[in-house]
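Protein chains in written order, with our numbering: chain A, 2 to 370; chain B, 192 to 359; chain C, 60 to 242.
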């Protein structure tokens with residue numbers, strides 16, 4: 002049989018971001034697939050070595066574009082581990098609030114972008130508009146819609162505005178009414194069922210081979226492997242929540258897990274607002290004097306967080322000077338975006354490549370950096 | 192955690208072992224002991240390889256490879272480090288223990304120039320295209336000089352103000 | 060940047076520009092990090108379709124190419140390739156401060172500094188990144204420019220083709236890559 006070389010290229014309506022998959026196809030079935038990253042490469046790891054520790058705060062959110070708060074949190078946590086800084090109590094609760102709101106936004110966006118691979122654009126129009134109302138809350142909190150620069154080493158930048166928690170609770174009430182509507186539109190739709198049920202399954206023994214974390218791992222193995230439960234950071238051991246799992250991992254189950262995680266996020270946000278102390282300092286001054294001459298003690302540490310796509314971490318190396326010596330970024334979608342596409346798409350159809358990227362969670366800027 | 196540290200000391204005999212943070216253990220070994228150490232950790236329940244990366248110590252003329260593994264049952268990170276030579280960096284591949292290391296090693300080859308024996312894909316370019324200089328993440332590469340020579344910037348001058356008689 | 064605002068169209072071109080200004084097809088290509096504000100602009104909150112603009116999948120039938128943010132060298136080769144596949148009249152709108160002077164990645168070895176040495180730009184929208192209201196403002200400005208005949212980037216590209224090509228080859232080396240599959 003003759004094979005045809007095909008580019009599921011960087012410019013394609015069904016592709017997530019600027020990413021490309023090169024494949025050899027026979028009819029409609031993929032024989033070999035090769036991922037091609039590098040279209041969004043900016044050389045972050047080199048740029049971060051050339052700016053001061055405080056100056057990096059403006060550069061860091063741009064590594065993972067849909068969910069920028071995890072970058073700031075991981076950087077701040079790493080510096081606090083190296084320098085031995087204690088963050089005040091209210092700052093921990095505010096950081097949890099911001100992280101969970103960001104997780105809700107990213108799950109809404111990835112449920113909405115199911116329109117690209119399957120052709121059902123109503124989901125996109127509804128979910129992106131709903132996400133925009135949460136971006137309004139972020140704009141009130143820190144002044145910018147997308148790149149917040151709010152979590153800094155030592156705490157958070159400023160206290161919450163007056164009446165902010167009431168508006169967040171009102172938004173959570175509205176989400177609890179709207180999410181069942183999205184669930185009925187997306188998960189019970191006959192077209193989406195036909196495309197995703199029993200399609201692109203991930204057996205449990207492949208999970209440790211690929212090194213996948215996040216929803217892919219939890220939907221195939223059935224274990225609660227979530228960094229918020231196994232290694233709790235920032236007061237996650239004082240709120241009660243469940244981690245949804247499954248043992249049969251096809252594309253429809255993974256979408257279902259995203260909806261159930263959104264309900265857990267709403268419950269965590271309600272508990273955080275309930276337990277947060279109403280007064281107290283929100284940050285600790287870290288540098289005595291000039292912030293541009295601030296140095297961090299020497300050492301090497303790895304700090305990680307559970308993002309919506311899996312384990313996301315920075316490996317920070319400091320040699321006691323004013324600029325970092327080396328920072329290595331572990332993108333959460335590295336295993337499923339690179340090795341998963343090479344080993345796993347053989348025998349599936351061309352349109353399943355994009356569906357794999359949407360349900361497992363692939364975000365192309367954090368692969369390329 | 193002390194139990195695990197004692198077991199590592201007996202089994203691997205590392206050069207140095209320390210705890211940089213809560214729930215993290217850093218183990219420094221010789222480069223030819225990396226393969227056995229990774230097999231030991233995999234068998235002990237550390238089933239996930241988080242990242243393979245490299246640090247360039249230019250003053251001592253050495254490269255340091257770092258492997259970070261995680262155990263979901265214990266909740267502990269282990270940093271496994273080894274120093275290799277900077278002029279001819281060579282290391283045995285880890286893909287027979289952790290298959291997910293293939294693309295990490297390809298990235299370390301592209302950005303630092305380390306050869307991995309046994310990984311036949313490692314020499315193919317992944318992120319950069321038609322690259323014609325030294326591996327970019329080494330400390331003797333200057334990105335600003337490269338960028339100014341290839342991608343010119345806008346000159347600061349008065350291209351449009353002169354018709355209004357503004358300052359030159 | 061193309062600066063002369065003389066209107067030297069004939070009658071048929073004026074009629075054609077009036078019709079094409081009211082129905083603009085935008086090519087669907089997210090080139091950089093500014094593309095995260097494109098879905099909110101296109102969907103139901105800040106609806107772009109009431110201005111007359113809609114998305115189009117293929118470059119052969121599109122009018123406007125949006126460069127949303129920075130361009131790495133790998134993407135620039137594909138952008139040049141697909142810009143030359145579009146039919147004239149075709150327009151380019153550049154978002155963000157990375158296209159003007161390199162932006163926040165000014166000393167990076169993989170991103171370009173100045174877009175209008177490689178492709179002719181008709182309209183710049185500033186910001187990092189621009190809000191959806193700013194983008195809609197920019198698009199209404201583009202519609203006015205097309206009606207008055209000021210968006211002449213494509214003619215400039217045809218007349219000064221050697222200058223643009225020399226700049227592209229100096230910075231990139233080669234534009235069309237043969238060995239993409241690495242086999």
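C-beta: ideal position from N, C-alpha, C; glycine also.
Just so you know, these numbers come straight off a predicted model, no measurement behind them.
Worksheet item: Does any C-beta atom of chain A lie closer than 8 Å to the C-beta of residue 131 (chain C)?
Response: yes
Discussion item. What are the residues in the segment 206–238 of chain C lying within 9 Å of chain B by C-beta distance?
Written reply: 226, 229, 230, 231, 232, 233, 236
Item to complete: Decide yes or no for the touch test of the segment 221–241 of chain A against the segment 300–317 of chain A: beta carbon pairs closer than 8 Å, at least 3 of them.
Response: yes
Worksheet item: Looking at the structure shown, is residue 312 (chain A) part of a helix, part of a strand, or coil, going by DSSP?
Response: strand
Worksheet item: What runs of the alpha helix (DSSP H), each 4 residues or longer, lie entirely inside the segment 219–248 of chain B?
Response: 225–234
Discussion item. Less than 8 Å between the C-beta atoms of residue 55 (chain A) and residue 292 (chain A), yes or no?
Written reply: yes
Worksheet item: Is there at least one Cβ from chain D nearer than 8 Å to residue 173 (chain C)'s Cβ?
Response: Annotation note: the requested chain D is absent from the structure, which comprises protein chains A, B and C.
Fill in: Those residues which DSSP pairs with residue 346 (chain B) across a bridge
For residue 346 (chain B), which the question treats as bridged, DSSP gives no partner whatsoever.
Practice prompt. Run down chain C in chain order and give the residues with a C-beta less than 9 Å from the C-beta of residue 40 (chain A).
Written response: 90, 131, 133, 134, 137
Fill in: Assumed close pair residue 342 (chain A), residue 22 (chain A) - CB separation to whole angstroms, cut-off 8 Å
6 Å
Worksheet item: Is it the case that the Cβ atoms of residue 16 (chain A) and residue 7 (chain A) are separated by a distance below 8 Å?
Response: no
Worksheet item: Should residue 13 (chain A) go down as buried or exposed, given a rule of 16 or more other Cβ atoms within 10 Å for buried?
Response: buried
Item to complete: Residues of the segment 258–286 of chain B with a CB closer than 7 Å to any CB of chain A: list them in chain order, please.
Response: 259, 263, 266, 268, 270
Worksheet item: Do you know whose CA, among A:102, A:314, A:253, lies nearest residue 135 (chain A)'s CA?
Response: A:102
Fill in: 6 Å CB neighbourhood of residue 352 (chain B) in its chain, flanking five on each side removed
Its pLDDT being 49, under 50, residue 352 (chain B) is placed unreliably in this model, and the value from its coordinates should be taken loosely. Closer than 6 Å at Cβ, skipping near neighbours: no residue.
Worksheet item: So is residue 18 (chain A) in contact with chain C if we call contact Cβ pairs under 8 Å?
Response: yes
Fill in: Run of the alpha helix (DSSP H) containing residue 131 (chain C), from where it starts to where it stops
Residue 131 (chain C) -> no alpha helix (DSSP H), and no H or E assigned at all.
Worksheet item: Secondary structure at residue 148 (chain C), three-state DSSP: helix, strand or coil?
Response: coil
Discussion item. Would the segment 138–150 of chain A count as touching the segment 287–302 of chain A if we require 3 or more Cβ pairs under 8 Å?
Written reply: no
Discussion item. Among A:75, A:361, A:363, whose alpha-carbon lies nearest the alpha-carbon of residue 154 (chain A)?
Written reply: A:75
Fill in: Positions along the segment 328–344 of chain B whose CB lies within less than 7 Å of some CB in chain C
334, 335, 337, 338, 341, 342, 343, 344
Worksheet entry | Nearest-angstrom Cα separation, counted from residue 305 (chain B) out to residue 280 (chain B) | 5 Å
Worksheet item: Is residue 329 (chain A) close to chain B, meaning its C-beta is less than 8 Å from at least one C-beta of that chain?
Response: yes
Worksheet item: Expressed to the nearest angstrom, what Euclidean distance is found between the alpha-carbon atoms of residue 65 (chain C) and residue 78 (chain C)?
Response: 20 Å
Worksheet entry | Classification of residue 220 (chain C) by the beta-carbon crowding that lies within 10 angstroms, buried from 16 upward | exposed
Discussion item. Quick check: the Cα distance between residue 183 (chain C) and residue 27 (chain A), rounded to an integer number of angstroms?
Written reply: 44 Å
Fill in: Residue(s) in a DSSP beta bridge with residue 36 (chain A)
A:22
Worksheet entry | Cβ neighbour criterion (16 or more within 10 Å) applied to residue 81 (chain C) | exposed
Discussion item. I'd like to know whether the C-beta atoms of residue 190 (chain C) and residue 96 (chain C) end up nearer to each other than 8 Å.
Written reply: yes
Worksheet item: Excluding the five sequence neighbours on either side, which residues of its own chain have a C-beta within less than 8 Å of the C-beta of residue 261 (chain A), listed in chain order?
Response: 245
Discussion item. Can you look up residue 339 (chain B) in the DSSP assignment and give me helix, strand or coil?
Written reply: helix
Item to complete: Mark residue 357 (chain B) as exposed unless 16 or more other C-beta atoms lie within 10 angstroms of its C-beta, in which case mark it buried.
Response: Residue placement at residue 357 (chain B) is flagged as unreliable, the pLDDT there being 45, under the threshold of 50; a coordinate-derived value is accordingly withheld.
Discussion item. Taking the alpha helix (DSSP H) that residue 229 (chain C) belongs to, which residues open and close that run?
Written reply: 220–231
Discussion item. Comparing C-alpha positions only, which one of A:217, A:171, A:91 sits nearest to residue 161 (chain A)?
Written reply: A:91
Worksheet item: Exposed or buried, what is residue 204 (chain B) when buried is set at 16 or more other beta-carbons lying within 10 Å of its beta-carbon?
Response: exposed
Discussion item. I'd like to check one pair, residue 339 (chain A) with residue 368 (chain A): are the Cβ atoms closer than 8 Å?
Written reply: yes
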